[in-house]
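Adding 2 to a residue's 1-based position in the sequence shown gives its number in the working numbering. One structure is given below, encoded as structure tokens.
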Amino acid sequence: MTTTTRSASEARLRSVLRQDAAACAAFGLLMTAGFALVDRLLGLGPAWSVPLGVYLLGCAAALALVAGYPALVRGQVIGVVANNAAAAVALAALPFTGLVDLTVLGTIVLLGGAALVALFAVLEGAGAKRLA
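As structure tokens, then:
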């Protein structure tokens, strides 16, 4: 891989990592600061939405740090991919566990979130392969 190609690949990966961080921050703020709205619309009570929001805010910070390193570290990106894969599975499974009394909109939002997180995992995984 040429230096120019590597630089372009790293730039794309940084962009995906930053978009992932922004999505985590936005949803994290909504889940924590807007927990009453989340409970009413989604059926995801504060006992679920606030810890999930705090987790997402932590993910956003970690993603921003990984994306901001002068040279991307493949192991860190693989960690991001593993975290996203686990989160996608958890989000996809939660509506069907009976642990939370979700509204129809809540089920749709969680399944949509699972799809988005899975997409980020795929894109970041492809970028990690190019770092090798």
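Positions of the beta carbon are idealized from the N, C-alpha and C atoms, including for glycine. Treat the numbers as computed from the prediction; the structure is a model and nothing was measured.
In whole angstroms, give me the CA-to-CA distance for Pro53 and Leu46. What you label residue 53 is simply residue 51 of the sequence shown in a count that begins at 1. What you label residue 46 is simply residue 44 of the sequence shown in a count that begins at 1. A straight-line Cα-Cα distance of about 11 Å links Pro53 and Leu46.
Apart from the five residues just before and just after Phe29, which ones in its own chain have a Cβ nearer than 8 Å to its Cβ? Taking the first residue of the sequence shown as position 1, residue 29 is located at position 27. Cβ within range, chain order: Gly55, Leu58, Gly115.
Please give me, in chain order, every unbroken run of the beta strand (DSSP E) with length at least 3 that falls completely inside the segment 8-62. For the segment 8-62, there is no continuous beta strand (DSSP E) assignment of 3+ residues that stays within its boundaries.
Distance between Asn86 and Ala73 (C-alpha atoms, nearest Å): Translated into positions along the sequence shown, residue 73 becomes position 71. Translated into positions along the sequence shown, residue 86 becomes position 84. Rounded to the nearest whole angstrom, the C-alpha separation of Ala73 and Asn86 is 21 Å.
Proximity test, Leu19 beta-carbon vs the ligand ADP heavy atom, cut-off 7 Å: As for the ligand ADP, it is missing from this structure, which has no ligand bound.
Cβ shell of Gly108 (< 7 Å), same chain only, five flanking positions each side left out: For the purposes of this step, residue 108 is taken as the residue at position 106 of the sequence shown. Excluding positions up to five away in sequence, the list reads Leu44, Gly45, Leu46.
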